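This report refers to the structure that appears directly beneath it.
Numbering (the working numbering), first residue to last: 64 to 574.
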């Protein structure tokens with residue numbers, strides 16, 4: 064009987080959180096139990112918010128769900144326990160709940176993991192509710208559901224929206240308040256809220272010269288309206304301007320990676336002086352042309368490869384989970400880098416060239432091809448591929464950690480972090496990613512720079528690592544790190560400003 068089922072579900076989940084819906088009296092959910100309880104009032108002014116009462120309710124709910132009484136909730140416990148309470152979930156939904164809360168990866172939720180999951184989940188639900196509540200009156204009606212789904216690229220009729228409302232509406236008002244919304248969704252997995260994705264774009268905004276980040280996710284609406292390519296074009300234009308503005312520091316980094324040693328200790332001021340003395344101020348931008356040119360093919364190939372790999376993974380979700388994003392992003396990065404890698408070698412050779420050595424990019428390419436053969440265009444390929452995983456992995460992990468920390472602590476009414484938070488998170492994560500992969504990037508650059516001499520033995524990645532460690536120590540693997548880090552903040556700042564302006568020019572609406 065639907066009515067009986069609803070009456071069973073309602074008191075359980077309603078008791079899980081303070082009835083006021085306060086964002087964090089004690090965080091999340093409480094279990095069913097006593098109706099009152101003494102003690103000092105919480106943020107809502109009601110004694111139900113008291114921590115000891117909430118803990119008792121949580122434990123009561125946990126014990127109701129812990130069918131086999133072993134102190135942990137497995138998928139079977141949740142299926143049976145929630146079924147008894149009138150909350151029927153599919154096995155896939157239950158698996159997602161366990162996966163989301165299972166911190167020690169033992170396949171089940173202990174009490175602390177269960178509480179943490181509910182707290183985190185309620186936070187996400189509040190953000191979704193706020194984004195659906197277009198009128199900002201604390202209630203969601205059929206028109207708001209239609210409009211919100213249309214924004215995400217899903218078209219439904221008002222009659223269909225009313226059916227959705229009826230499934231959640233307990234009091235027959237044909238509107239849903241926060242408590243009804245939370246009661247219905249609390250023990251139902253919600254992941255990758257599009258509202259969060261819209262505000263927290265990373266790889267399309269930030270360009271620090273190394274295009275090894277995992278591609279951004281796009282919502283259904285962005286894909287269907289063609290906004291995705293506008294984002295990519297805006298990101299590419301921002302990268303071109305950013306790389307051009309920071310090109311002198313990038314060229315200095317390459318020179319220090321290749322030529323600096325214990326006997327030739329090149330400093331930043333000395334490096335700039337040497338470049339200007341050898342080729343004049345224009346020489347500071349050597350290698351920038353090819354560096355800008357490769358943005359478009361690399362971004363396009365990476366995006367297309369990422370979308371194809373997502374289909375191959377065959378996930379049932381519109382948006383990928385973190386480990387799936389890392390896998391798909393790393394493979395897409397490897398495909399893109401393999402496709403444009405000869406341009407990487409050309410960029411290094413152009414940056415290191417002497418005045419008058421080559422008349423341009425084509426002359427440089429012809430020279431390498433005639434003297435060293437096609438294989439020269441793939442020098443340093445292996446360390447470059449190996450560098451993708453630490454860079455992309457750490458960049459993504461740090462960015463997601465910082466994003467989630469901000470959402471947990473500060474996101475109450477919106478998932479919008481503001482410019483400063485977005486820039487800070489992007490800068491920190493990109494810097495960490497670069498730091499982790501820098502030794503591999505240095506070895507790659509040195510291998511790219513070494514012209515093949517007929518009859519001479521080829522330099523290997525392993526041999527070069529050994530040579531650097533033997534002659535220069537571990538510090539030798541971080542030559543050029545200072546100018547590399549010096550360009551991060553200006554590169555990120557310029558990228559963001561240009562990206563936002565290009566978005567407006569291309570008609571991308573900021574939310």
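Cβ coordinates follow ideal geometry from the N, Cα and C atoms, glycine included. Given the structure is predicted, the values throughout are model-derived calculations rather than measurements.
Taking the alpha helix (DSSP H) that residue 440 belongs to, which residues open and close that run? Where residue 440 is concerned, there is no enclosing alpha helix (DSSP H), given that its DSSP letter is neither H nor E.
Are residue 421 and residue 430 closer than 9 angstroms when you measure CB to CB? yes
What number of angstroms, rounded off, separates the C-alpha of residue 502 from the C-alpha of residue 409? 20 angstroms
Once you ignore the five residues that flank residue 140 on each side, which residues in its own chain have a CB closer than 7 angstroms to its CB? 128, 129, 130, 131
Ordered along the chain, which non-local residues of its own chain (more than five positions away) have a Cβ less than 8 angstroms from that of residue 404? 440, 441, 444, 447
Range covered by the alpha helix (DSSP H) that runs through residue 494: 482 to 512
Would you please state the rounded distance, in angstroms, between the beta carbons of residue 350 and residue 314? I believe it to be under 8 angstroms. 6 angstroms
If you measure between the beta carbons of residue 495 and residue 461, is that distance less than 9 angstroms? yes
Pick helix, strand or coil for residue 313, following the three-state DSSP scheme. helix
Based on the DSSP secondary-structure assignment, which residues constitute the bridge partners of residue 202? 240
Residue 558 versus 308, 369, 209, residue with shortest Cα-Cα distance: 308
Selection from 488, 172, 450 that minimises the alpha carbon distance to residue 138: 172
Run the CB neighbour count on residue 508, radius 10 Å, all protein chains shown included, and call it buried at 16 or more, exposed below. buried
Between which two residues does the alpha helix (DSSP H) harbouring residue 411 extend? 385 to 415
Is the region 364 to 376 touching the region 391 to 403 in the sense that three or more CB pairs, one from each, lie closer than 8 angstroms? yes
Residues bridged to residue 136 [DSSP beta-bridge criterion]: 172
Throw me the rounded Cβ distance for the residue 239 and residue 189 pair, which I believe falls under 8 angstroms. That belief does not hold up - the Cβ atoms of residue 239 and residue 189 are roughly 13 angstroms apart, past 8 angstroms.
Take every Cβ of the region 448 to 468, pair it with every Cβ of the region 410 to 420, and state whether three or more of those distances are shorter than 8 angstroms. no
Chain-order list of residues whose beta-carbon lies under 6 angstroms from that of residue 348 (same chain, five-residue window excluded): 310
In whole angstroms, give me the CA-to-CA distance for residue 229 and residue 242. Going from the Cα of residue 229 to the Cα of residue 242 covers about 15 angstroms.
Between the Cα of residue 497 and the Cα atoms of 146, 549, 126, 170, which residue gives the shortest distance? Nearest of 146, 549, 126, 170 to residue 497, Cα basis: 549.
Would residue 321 pass as a contact of residue 415 if the rule is Cβ separation under 9 angstroms? yes
Helix, strand or coil for residue 564? Go by DSSP, reduced to three states. helix
Reference residue 178; option with closest CA among 208, 191, 123, 195: 123
Please report how far the alpha carbon of residue 71 lies from the alpha carbon of residue 237, in whole angstroms. A caution first: residue 71 carries a pLDDT of 32, below 50, which makes its placement in the model too unreliable to give a value.
Note down, in chain order, each residue of its chain lying with its Cβ closer than 6 angstroms to the Cβ of residue 360, except the 5 sequence neighbours on either side. 403
Between the CA atoms of residue 469 and residue 256 - distance to the nearest angstrom: Any reading at residue 256 must be qualified, since the residue scores a pLDDT of 46, below 50, and its modelled position is unreliable; no value is offered.
Is it the case that the Cβ atoms of residue 546 and residue 168 are separated by a distance below 9 angstroms? no
Determine the extent of the alpha helix (DSSP H) in which residue 575 is found, giving its start and end residues. Absent from the model: residue 575. The displayed extent of the chain is 64 to 574, so no value can be given.
Answer yes or no: do residue 325 and residue 464 have a C-beta to C-beta separation smaller than 9 angstroms? no
Determine the contact status of residue 355 and residue 302, defining contact as a CB-CB distance below 9 angstroms. yes
Return the chain-ordered list of same chain residues with a C-beta closer than 7 angstroms to the C-beta of residue 176, the five sequence neighbours on each side being excluded. For residue 176, where only same-chain residues beyond five positions count, the Cβ hits under 7 angstroms are 164, 165, 166.
Hey, residue 363 and residue 566: beta-carbon distance below 9 angstroms or not? no
Going by other Cβ atoms of all chains shown within 10 Å of its Cβ, with 16 needed for buried, is residue 145 buried or exposed? buried
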